[in-house]
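Everything below concerns the one structure shown next.
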Amino acid sequence: MKLIVIGIDGADPSYIEKGVREGKLPTFKKLIERGCYGKLKSTMPPLSVPAWQCIYTGKNPGKIGIFNFVELKEDSYEYDLIDWKVKDSIWQILSRRGKKVAIINNYFTYPPDKVNGVMISAIDNIKENCYYPKELEKEIENKLGKLDFGIIPPYYAISKKQLTKLTEEMLNSSVKLIRYILKKEKFDFFITTLDIDRLHHLIDDEKEIKTWYSKIDSLVNEILQCIDEKTNIILLSDHGGGKMKKEFYTNEFLKKEGFLNLKRKYSKKFDSFLIKIGFSMENILKIIQTIKIDRVLMKILPHNVWDIAKEKVPRKDSPFGDAEINWFKTRAFSPYPSIGAVQINLAGREPQGIVNESDYGRVRDEVIAKLKTVTINGQKIKMDVYKREEIYKGPYIEKAPDILFVMDDWQYFPKISFSDKLFKEPRDPGHHRLYGFFLAAGPNIKKCQVENAEVTDIVPTILKIFGMKKEKEMDGKILSIFKKK
Ligand SMILES: [Zn+2]
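Using my numbering, the letters of the sequence shown correspond one by one to residues 1 to 485.
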């Protein structure tokens, strides 16, 4: 085999470096000593979508039209989940050029493509038609038994114990499957994913997270036992993970600064009464956790049960959609959950837009200037604020939020709901970081330090390993990690 790529969703370079120094990650250590290692800059925002899509294509979000898990619905202030599957991914390019490929459980790849080889998209949690070729499903069931990659509901809806159990099962099932495919056939290119992201979101204790990095290290070792010495190895993550300080309520901030207006106070009287007697979404989730919903129950509940519950049960915070915004007096708002983003209420674009085209630039500059003044307890917060054209390029840039901002290197979690405060203690202890890691070793790779690597560089670098040129429309560069011939 020419190349194997193992993605580890959410793996943070600081944990890898610490683990290697402390002798807890022997597989990583060996590979770093043989090859090259460095940080890998994720996308803006550093979410799994669009980071994986950029890794798969070598293009920036402005060229693939994917900026986030969600996008605003046509002529609406509400968002919808997007179709996150990309065309022209690295395996399609290699497959078209006659290379034999295996794509085993990579996120956001459902439905599997008809490739020159095999493709399994079971990790996307859609239960049918996850295998190409189709017969592979029966064969794997016969050989390995029924594999389950687990329904992972929103992290906050299950207990930590439940989440770690599901994650462990998922990782073990994945590695079983990966090893089976690796032993079954010879491939030129193999790509797969493991995951530590969800654990970063939920686990507060650093020692406990470290044990998961050791687990990942031993699983990587199990996978690498199935390949020969002629294989080049790339390990990488789509973004990092780390602790969170506070939640920041973006729309509450825009309201305070006079950019956004509500028709009336958000908190409906009945909701406040229910909350007073303890009937809130947060409390119900707590009760569900204490009675320990087990996996069987998770399966019989309809897929969207959490969404329905979220809509029907009052929360202490008022969701964005319920807030009854007075759009005729609103110049800017934040419709995108979990990222720092602001949209201008532009006339002709938004359903009830009031900002004229000629005022767009001025209003946007005003919002940016105000965002740069955010303080907590009298202390200024480090704010990096960008116009979308400063980050993205390409034909889909119009679909991106007008303004993006980052607070203290991702240590604050932006929320779009309305609250009584600008800042609150975070629900989850962890959130993403901008930098993931990149590691490569093998017959074509020299010993070196990797500098300035970005997610869009992965495809051009993979093509180089196969002696192929990068395509014109790719944004990334070839990383200088190669031995001279
Ligand atoms: Zn991720």
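Just so it is clear, CB atoms sit at the ideal spot from N, CA and C, and this is done for glycine as well.
Residue side-chain check: G10 places its Cβ nearer than 6 Å to a non-hydrogen atom of ligand 1.
Closest in C-alpha terms to D365, from the list D475, I403 and I66, comes I403. Around the beta carbon of T373, fewer than 16 other beta carbons lie within 10 angstroms, which makes this residue exposed. Beyond the five residues adjoining it in sequence on each side, N232 comes within less than 8 Å, by CB distance, of K2, L3, I4, A440, A441, G442, P443, N444, I445 and I465 in the same chain, given in chain order.
In the three-state reduction of the DSSP assignment, V20 falls in the helix class. For F253, DSSP records no beta bridge to any residue. In the structure shown, P61 adopts helical secondary structure according to DSSP, grouped into three states. If you check the C-beta of S358 against ligand 1, you find no heavy atom less than 6 Å away. Looking at the DSSP output, Q449 shares a beta bridge with Y37. Across the structure, R331 and Y77 are spaced so that their CA atoms are roughly 13 Å apart. Between P13 and Y435, the gap from beta carbon to beta carbon is short of 7 Å. Contact between the stretch 452-462 and the stretch 57-64 is present: three or more C-beta pairs spanning the two stretches fall below 8 Å. Listed as beta-bridge partners of E247 by DSSP are F413 and K424. Nearest in C-alpha terms to G476, of all of L40, Y15, P429 and E139, is L40. Per DSSP, the beta bridge partners of A441 are I233.
In the three-state scheme derived from DSSP, where H, G and I count as helix and E and B as strand, Y132 is classed as strand.
Annotation for G430: the continuous beta strand (DSSP E) segment containing it runs G430 to R433. Taking C-alpha positions only, L81 is separated from K447 by approximately 42 Å. Rounded to whole angstroms, the Cβ separation of A400 and Y392 is 5 Å, and the two are in contact under 8 Å. Annotated three-state conformation of F67 is coil, per DSSP. Where K485 is concerned, there is no enclosing beta strand (DSSP E), because DSSP gives it neither an H nor an E. Q379 and E247 have their C-alpha atoms some 16 Å from each other. For A102 against F28, the beta-carbon gap comes to about 23 Å, at or over 8 Å, which does not count as contact. A straight-line Cα-Cα distance of about 21 Å links L463 and L182. Here T167 is buried, its C-beta having at least 16 other C-beta atoms within 10 Å. Around the Cβ of Q225, a 10 Å sphere holds fewer than 16 other Cβ atoms; the residue is exposed.
Judged by their CB atoms, I381 and D408 are nearer to each other than the 7 Å cut-off. When the alpha-carbon of C36 is set against those of S480, V367 and G353, the nearest one is in S480. D475 carries a coil assignment under DSSP once its states are collapsed to helix, strand and coil.
By the criterion of a C-beta distance shorter than 7 Å, E222 is surrounded in its chain by V175 and R179, once the five residues flanking it on both sides are discounted. Non-local beta-carbon contacts of D75 in its own chain, meaning distances under 7 Å to residues more than five positions away in sequence, involve P351 in chain order.
Taken through DSSP and simplified to helix, strand or coil, F187 comes out as coil. Look at S48: its beta carbon is less than 6 Å from one of the heavy atoms in ligand 1. Annotated as distal: T193 and Y110, with beta-carbon spacing of 7 Å or more. In this structure, DSSP gives M468 a state outside helix and strand, which the three-state scheme calls coil. Closest in alpha carbon position to G241, among P429, F405, P112 and F259, is P429.
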